[in-house]
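Colleague: Structure below; questions to follow.
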Amino acid sequence: MKKFRKVLDGLTTSSPGGGTIGSPSCGSAAGTPTTAPTPKEIDVQETLVSENFQLCKTVRHGFPYQPTALAFDPVQKILAIGSRSGGVRILGRPGVDCFCQHESGAAVLQLQFLINEGALVTACADDTLHLWNLRQRRPAILHSLKFNRERITFCHLPFQSKWLYVGTERGNTHVVNIESFILSGYVIMWNKAIELSTKTHPGPVVHLSDSPKDEGKLLVGFESGTIVQWDLRAKKADFRIYYDEAIHSVSWHHEGKQFMCSHSDGSLTLWNLRNTSKPIQVTFPHGKIQKDGRKESCKPILKVDYKTSRNSEPFVIFSGGLSYDKAGRRPTLTIMHGKAITVLEMDYPIVEFMTLCETPYNNEVQDPYAVVVLLEKDLIVVDLTQSNFPVFENPYPMDIHESPVTCTAYFADCPPDIIPVLYSIGAKHKKTGYSQKEWPVSGGMWTLGSHTYPEVIITGHADGSIKFWDGSAITLQMLYKLKTSKVFEKPKQNEGRAAELVDDDPFAVQMVSWCPQSRIFCVVGISAHIILYRFSKYDANTQIVSLEVRLQCDPEDVISPSENENNPCFSEPHSGSHSPQPHHQHPASPGSGTPESFKDCTPCLKVKDRAVRVPPGYQAELVIQLPWMDGEPPQQISSLDINSAYGLLAFGNCNGLAVVDYLQKTILLCMSTLDLYGAADPYQRLTRSPRRNRQSTSEFCMRGLSNFYSDSKKRIRTSYQSLTELSDNQQSVDTERSKSPTSESRENSFSRSRSSSVSSIDRDTKEAITTLQFGESFGRKSDTLPTPCLWVGTSLGVILLIPMSIPTDLEERMEEPVTIGPCGAVLMLKGSVLRFGFLDCMGALVPNPYEVWRDLNAPEDPDRPRKRKLVHYSPSSSQDTCGEGHLAIVCSERQAKVFLMPSQSCLFVHNITESSFVLRADVVSVCNSVCLACFCANGHVMTLSLPSLRPLMDVNYLPLTDMRIARTFCFTNGGQALYLSSPTEIQRITYSQEMYDNLQEMLGELFTPTETPEAQNRGFLKGFFGGNAHTFDREELFGEAAAGKASRSLAQHIPGQGGVEGMKVAASGAVGELARARIALDERGQRLGELEERTALMMTSAESFSKHAHELMLKCKDKKWYQF
């Protein structure tokens, strides 16, 4: 704990001691001068230290991006999904969701559970096998085995076996010991498996399985169509099958007398072991006979499952096999049950499917009850126990990407009633027709942790939809879905302004603003529109009010920077106010004085002009649109803030600022950034020629993330295409920015250091409004009481304060106009302004004032009239100890400053980064205190103490930042943050040591001790005639004593980080302790038994020796010496 004192002496020059205390690397202060000698003492006790911060990933939500493999443990009932980027998601009951990542990033080819053992084998595209320990909440790799000379194509691990069969591209089959992860010397070479007379290579191994009838027989399938049953004991082939068509998969009948193959020509072949010369059945399930007598050519059947059922006909389930001539048909899963054939059409291509059966033993009747189908962008489970094959309702949030995510927002510690209210409204619109049975993936354990609070995550999507999610206790559950497109008329194909700009997604969400207390919700769309929603529990007939704001100006404000950046001499701005305009009128556009500017004043979208019936939930009240002007499209809205207590909404773009009174539906302010300054403009503006003006109108030159595109026709579409495209181009932000065609190369390159001097600003740069914040503050130095103010931050690092006069009485507020005063204070920072925050003089966060939610559609109650109830937090609440005023925290792309209001003195300044710049910054509460959290373009996550701006944490979290992460990263209270890690997944992280310590409690258990089901009694005759499957000893065949050691150059063993320590951690729970004690007791009893046996043997040996010695003595005692 450190106490900071700062005495302001009221001098007119900047204080030389204004730098950050405790940070020698910080730059000097750049405080604005104070005009009156008003000494004040700031006494803030900072409680946060570096030990309060620890950065780590918590949980990943959504569908695994680009999935490649699937596995299921039928005893533990957990599911694993591998991906192309080397990730593995392990899912159990709701709440049990774990993400693992291979460091190599190689694609996962295959997954194999050690059934009921709490372990998983992954085979990756870099020809490495990994053994994962799942007996801990965060799985770790115990062993790895890297193949050096051969490529892995298929793996098979028999149930309750410790020997893994590995097939390779060369056609060889190796054996790996799962316990030691060492290669056995036993190898089935491809040239031994096929006949010597065969002249061609059989191709890679595509299938391996042990015979259900005899575990000593291994079925090996080669890609070319060759199938060999290999006798592991005799080390020779029992039979060989040569088929003309390539093989994709093989599936056994549980009795081990038949197996089925799927082929590349869309056929299924059934083979009997008694006669392997030809198949006993060949079927083309989707191939019809044409008029000329020939079969239709069909697509390959990529996988087939042949499962028997105790009470019905066998199930034959396969993917693919459709005829080629039916173009445009969706991917299918076919279920053949007896004579009935059911074709299930899928929305996306099938990656893999797996049939879930009641028994883990392959030599018992399988009794399948469900099919898990892994699609490219979805996961579905089909119920096989019902004749219509319904799907199960998926409890996981797998549909985040239903429409591509374009923006995110994260709210922690919300009002406790908001989540149940949203859920009750959203539950009315849920789909029906699901299976009535419980979700079959029900493994693991998860309990609600003690450190939980209401959290809401909001995602905006390309189709204009908004999704509210319950993110409490590191889970994710859909609450409510809102479709913003319903506000507008459907745009006709290739008609209207929207079609010219955004052909596919004119309603795409660009930004959201939500007040959980008042339940007011604002959406900014890509077509330069803003929709304001109010929440109601009742349906209503509403007429949506539409306002058009012409925030389009002729940019005659080329900037010639001022010489004095740190301490410019600002004159008092001109006096006057801007009167509100009626909603049906259009205020004069800044810089447009001729009637020609009214020629083309049409918005991109058409709002419904009739009364519409809206259901309970969020109901649109007001739509604000920026229209086209002079053939030029409206510029993107770059900043937005709404305040329910004031009843005001402010937004800005690269042209200027607008303030709207949403209670009276009037425009209060609409002017260019240049006009906002008045006489206090810190820059010298130079005029341009008219030709140059017209050329530059289409340029969008906003600093920060919005500065990308010069072509007006393509600008709106491309501004979010990196989010909507599902192709995950791992481009860094540096690369993306360097591609921009605009002339501001300094702006568009993340890699190049951006000058912190205002003098380096390009002459073509326009000043955009980058951030806005309503709050109680002091608009001028002379103010003695806080008043409603609007803080405005621009792309050139300028901060403007606009004071406002708002009637307090309810009736006056609805009738009297809100008066906006001239621009007050003007402050400066390096880089584009990103965030504002306010503290009182004791260092406590000052929340924004808000209106308590009231349902405007509720029936009137004469006893309890609905009145506006406002909640204000005065920034000078601690004036008894510290006097009046408050602290304003301002963070830009390069710098953070703390100002004391109303004196506007800069107390602390910290240069956050020199080589990069800040993408996202927020003032957040952590550990009952507040700090400034920053995320930089170079992947660093930082926290700074408040108000001293002392560095507390700086972690190089993401070595490569792509555009998706840059645009979706957001902080929230409680030391949490999230971002879109892939087009389909949300990654949540924590930077709080407290949450890091409690994370183990919050995560689910993947492994639960479960008894392995006993094998069925096969009966005497079946056991006698069914082969000697139970007498097969793999250790005797594959162990080092019998098979010898494998060549060291063939594969390299790599110990995992989990190792023995991981196993110790896994067994640290009560169950683990009991299991270890029982094992230790068994081992001790076994050793005691062995000792007792050895003691008995020694006693018997001693007695025998004594007896023989006595007999020898009696025999020899009477003999003379010469008789020997």
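Each residue of the sequence shown is one higher than the one before, starting from 2 at the first, in our numbering. Glycine residues also receive a C-beta, built at the ideal position from the N, C-alpha and C atoms.
1) Identify, in the order they occur along the chain, each residue of the same chain with its Cβ nearer than 8 Å to the Cβ of residue 138, setting aside the five sequence neighbours on each side.
2) Using the three-state DSSP reduction, which class does residue 336 fall into: helix, strand or coil?
3) Take residue 636 and list the residues in its own chain whose beta-carbon comes closer than 8 Å to its own, dropping the five residues that flank it on each side.
4) In whole angstroms, what is the alpha-carbon distance linking residue 603 and residue 341?
5) Closest by CA to residue 167, which one among 141, 144, 199, 122?
6) So for residue 272, helix, strand or coil by DSSP?
7) Would you give the residue range spanned by the alpha helix (DSSP H) that residue 193 belongs to?
8) Evaluate residue 794 with the Cβ neighbour count: other Cβ atoms within 10 Å of its Cβ, from every protein chain shown; 16 or more gives buried, anything less gives exposed.
9) Whole angstroms is fine: what's the gap from residue 964's alpha carbon to residue 986's?
10) According to DSSP, which residues form a beta bridge with residue 324?
11) Assuming residue 936 is part of the beta strand (DSSP E), what are its boundary residues?
12) Mapping the DSSP letters down to three states, classify residue 679 as helix, strand or coil.
13) Taking 8 Å as the cut-off, decide whether the C-beta atoms of residue 460 and residue 409 are in contact.
14) Out of curiosity, what's the CA-to-CA distance linking residue 649 and residue 911?
15) With a cut-off of 8 Å, does the C-beta of residue 925 fall near any C-beta of chain B?
16) Do the region 485–494 and the region 424–432 make contact, defined as three or more Cβ pairs closer than 8 Å?
17) Could you say which of 79, 356, 110 lies nearest to residue 97 if we only look at CA atoms?
18) Within this structure, are the beta carbons of residue 87 and residue 70 separated by less than 8 Å?
19) Taking residue 969 as part of the alpha helix (DSSP H), name the residues at either end of that continuous run.
20) Kindly confirm or deny that the region 233–252 and the region 288–297 touch, where touching means at least three C-beta pairs closer than 8 Å.
21) In the DSSP assignment, find the beta strand (DSSP E) that holds residue 998 and state where it starts and stops.
22) Mind listing, in chain order, the continuous alpha helix (DSSP H) runs of no fewer than 4 residues lying wholly within the region 497–541?
23) Look at the alpha carbon of residue 164 and the alpha carbon of residue 524, and state the distance between them as a whole number of angstroms.
24) Are residue 240 and residue 251 closer than 8 Å when you measure CB to CB?
25) Identify whether residue 217 lies in helix, strand or coil by the three-state DSSP scheme.
26) Using a Cβ-Cβ cut-off of 6 Å (strictly less than) and excluding sequence neighbours within five positions of residue 378, which residues of its own chain qualify?
27) Helix or strand or just coil, what does DSSP make of residue 674?
28) Give every residue of the same chain whose Cβ lies closer than 7 Å to the Cβ of residue 116, excluding the five residues on either side of it in the sequence, and list them in chain order.
29) Which residue spans inside the region 887–957 form an unbroken beta strand (DSSP E) run of at least 3?
30) What separation, rounded to the nearest whole angstrom, lies between the Cα atoms of residue 515 and residue 521?
31) Relative to the alpha-carbon of residue 238, which residue among 247, 253, 246, 222 has its alpha-carbon at the smallest distance?
32) Quick test of the definition: if touching needs 3 or more C-beta pairs under 8 Å, does the region 100–108 touch the region 42–54?
33) Using beta-carbon positions only, say whether residue 517 and residue 412 come within less than 8 Å of one another.
34) Less than 8 Å between the C-beta atoms of residue 326 and residue 257, yes or no?
35) Roughly how many angstroms separate the alpha carbons of residue 245 and residue 308, rounded to a whole number?
36) So residue 835 packs on residue 772, CB below 8 Å; how close in whole Å?
Modeller: So, from the data block:
1) Here residue 138 refers to the residue found at position 137 of the sequence shown. The answer, listed in chain order, is 99, 1001, 1004, 1005, 1006, 1007.
2) Counting from one through the sequence shown, the residue named residue 336 turns up at place 335. Of the three classes helix, strand and coil, the one that applies to residue 336 here is strand, per DSSP.
3) For the purposes of this step, residue 636 is taken as residue 635 along the sequence shown, with counting starting at 1. Apart from the 5 residues on each side of it in sequence, residue 636 sits with its Cβ closer than 8 Å to the Cβ of 529, 552, 553, 627, 654, 655, 656, 701 in its chain, given in chain order.
4) Along the sequence shown, read from residue 1 onward, the residue named residue 603 stands at position 602. Along the sequence shown, read from residue 1 onward, the residue named residue 341 stands at position 340. Approximately 58 Å, taken between the alpha carbons.
5) Here residue 167 refers to the residue found at position 166 of the sequence shown. The candidate whose alpha carbon is nearest that of residue 167 is 122.
6) Counted from its first residue, the sequence shown places residue 272 at position 271. DSSP places residue 272 in strand when its eight states are reduced to three.
7) In the sequence shown, residue 193 corresponds to position 192, counting from 1. Start and end: 191–194.
8) What you label residue 794 is simply residue 793 of the sequence shown in a count that begins at 1. It counts as buried.
9) The residue given as residue 964 occupies position 963 in the sequence shown. The residue given as residue 986 occupies position 985 in the sequence shown. Here the alpha carbons of residue 986 and residue 964 stand approximately 15 Å from one another.
10) For this step, residue 324 is matched to residue 323 along the sequence shown. For residue 324, DSSP records a beta bridge to 299.
11) For this step, residue 936 is matched to residue 935 along the sequence shown. In this chain, the beta strand (DSSP E) harbouring residue 936 covers 930–937.
12) Residue numbering aside, residue 679 sits at position 678 when the sequence shown is read from its first letter. In this structure, DSSP gives residue 679 a helical state, which the three-state scheme calls helix.
13) Here residue 460 refers to the residue found at position 459 of the sequence shown. Here residue 409 refers to the residue found at position 408 of the sequence shown. The answer is yes: Cβ separation under 8 Å.
14) Taking the sequence shown and counting its residues from 1, one reaches residue 649 at position 648. Taking the sequence shown and counting its residues from 1, one reaches residue 911 at position 910. In a straight line, the C-alpha of residue 649 is about 33 Å away from that of residue 911.
15) Absent from the structure is chain B; it holds one protein chain and no more.
16) Because the criterion of three Cβ pairs below 8 Å is not met, the region 485–494 and the region 424–432 do not touch.
17) As a working mapping, residue 97 is identified with position 96 in the sequence shown. Residue 79 is the option with its Cα nearest to residue 97.
18) As a first step, residue 87 must be located in the sequence shown, where it is residue number 86. As a first step, residue 70 must be located in the sequence shown, where it is residue number 69. No, Cβ-Cβ distance for residue 87 and residue 70 is not below 8 Å.
19) Position 968 of the sequence shown holds residue 969. Note, residue 969: alpha helix (DSSP H), 964–969.
20) Between the region 233–252 and the region 288–297, the count of Cβ pairs shorter than 8 Å is below three; the stretches do not touch.
21) Here residue 998 refers to the residue found at position 997 when the sequence shown is read from its first residue. Here residue 998 belongs to no beta strand (DSSP E); instead the alpha helix (DSSP H) covers 994–1003.
22) Here the runs fully enclosed are 497–502.
23) Mapped onto the sequence shown, residue 164 falls at position 163. Mapped onto the sequence shown, residue 524 falls at position 523. Rounded to the nearest whole angstrom, the CA to CA distance from residue 164 to residue 524 is 57 Å.
24) Position 239 of the sequence shown, counting from 1, holds the residue named residue 240. Position 250 of the sequence shown, counting from 1, holds the residue named residue 251. Not a contact, by the Cβ cut-off of 8 Å.
25) The sequence position of residue 217 within the sequence shown is 216, counting from 1. The three-state secondary structure of residue 217, taken from DSSP, is coil.
26) Start at 1 with the first residue of the sequence shown, and residue 378 comes out as number 377. Excluding positions up to five away in sequence, the list reads 349.
27) Locating residue 674 in the sequence shown gives position 673, where the first residue counts as 1. It is helical.
28) The residue you call residue 116 lines up with position 115 of the sequence shown. Excluding residues within five positions, the ones whose Cβ falls inside 7 Å are 74, 75, 76, 160, 361.
29) Considered as a whole, the region 887–957 harbours 887–893, 896–902, 906–912, 919–927, 930–937, 941–946, 952–957 as its complete beta strand (DSSP E) runs of no fewer than 3 residues, in chain order.
30) The count along the sequence shown starts at 1 and reaches residue 515 at position 514. The count along the sequence shown starts at 1 and reaches residue 521 at position 520. Roughly 6 Å between the two C-alpha positions.
31) For the purposes of this step, residue 238 is taken as residue 237 along the sequence shown, with counting starting at 1. The residue from 247, 253, 246, 222 with its alpha-carbon nearest to that of residue 238 is 222.
32) With a cut-off of 8 Å on Cβ pairs, the region 100–108 is not in contact with the region 42–54, counting fewer than three such pairs.
33) For the purposes of this step, residue 517 is identified with residue 516 of the sequence shown, where counting begins at 1. For the purposes of this step, residue 412 is identified with residue 411 of the sequence shown, where counting begins at 1. Their beta carbons are under 8 Å apart, which means residue 517 touches residue 412 by this criterion.
34) As a working mapping, residue 326 is identified with position 325 in the sequence shown. As a working mapping, residue 257 is identified with position 256 in the sequence shown. No, they are not a contact pair.
35) Here residue 245 corresponds to residue number 244 of the sequence shown, with the count starting at 1. Here residue 308 corresponds to residue number 307 of the sequence shown, with the count starting at 1. Cα to Cα, the separation comes out at about 25 Å.
36) Residue numbering aside, residue 835 sits at position 834 when the sequence shown is read from its first letter. Residue numbering aside, residue 772 sits at position 771 when the sequence shown is read from its first letter. Right, the Cβ-Cβ distance comes to about 6 Å (below 8 Å), so this counts as a contact.
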